[in-house]
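Positions 159 to 272 (the working numbering) are the ones given, in order, by the sequence shown. Built from N, CA and C at the ideal position, the CB exists for glycine as well.
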Amino acid sequence: MRSASLSNVLIRCTRTDEKAAAAGFELVRRDLGLWVLEFETDENADFSVGLSSVCGRLAGLLPELRGLADGSQDFTLHLALWANDIAAILIPPVLSEIAAQCGFGIEIVIDPGT
Numbered sequence: 159m160r161s162a163s164l165s166n167v168l169i170r171c172t173r174t175d176e177k178a179a180a181a182g183f184e185l186v187r188r189d190l191g192l193w194v195l196e197f198e199t200d201e202n203a204d205f206s207v208g209l210s211s212v213c214g215r216l217a218g219l220l221p222e223l224r225g226l227a228d229g230s231q232d233f234t235l236h237l238a239l240w241a242n243d244i245a246a247i248l249i250p251p252v253l254s255e256i257a258a259q260c261g262f263g264i265e266i267v268i269d270p271g272t
């Protein structure tokens, strides 16, 4: 039985220009300049498997993501996960490296499944 799985993954950035569109982001709130890039998740997959898939997708987007930190008021990778028990959530070095290269923060929200 899996102890944790990703339920929602997205990158959000807040900008006043259209630069995020080139990286595949969708403008969801023009009045706020809020751009979102959503990732597909498999809620039946273990957290580490899902996160590995996210890392692969992010690695493929590195050229587009690298320039978005400049000019963004908020640039964050949002990871929402479900856990049915106490679970260790390990952020792999590759994700930390990608975040550092691109300049985005990492936000983790855990639903304890109670």
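Beta-carbon proximity of residue i to residue j, cut-off 7 Å
i              : j             : result
cysteine 213   : valine 267    : no
leucine 185    : histidine 236 : no
isoleucine 264 : alanine 258   : no
8 Å contact criterion, which residue i and residue j should meet: CB distance rounded
i              : j          : result
asparagine 202 : serine 161 : The Cβ separation is near 13 Å, so there is no contact.
Residues bridged to residue i [DSSP beta-bridge criterion]
i             : result
aspartate 232 : Thr172
aspartate 269 : Trp240
Straight-line gap, residue i to residue j (C-alpha atoms, nearest Å)
i              : j              : result
methionine 159 : alanine 246    : Note that methionine 159 has pLDDT 47, beneath the 50 cutoff, so the model's placement of it is unreliable and the number below is only indicative. Near 15 Å, if we compare the C-alpha coordinates of alanine 246 and methionine 159.
aspartate 175  : tryptophan 240 : 34 Å
glycine 229    : arginine 215   : 23 Å
threonine 172  : isoleucine 244 : 33 Å
asparagine 242 : valine 207     : 17 Å
Spatially closest choice to residue i from the options, by CA coordinates
i              : options                           : result
alanine 238    : Glu196, Arg173 and Ala179         : Glu196
tryptophan 193 : Thr234, Ser211 and Asp269         : Thr234
cysteine 260   : Arg173, Arg187, Phe205 and Ala217 : Ala217
alanine 181    : Leu220, Pro250 and Asp269         : Leu220
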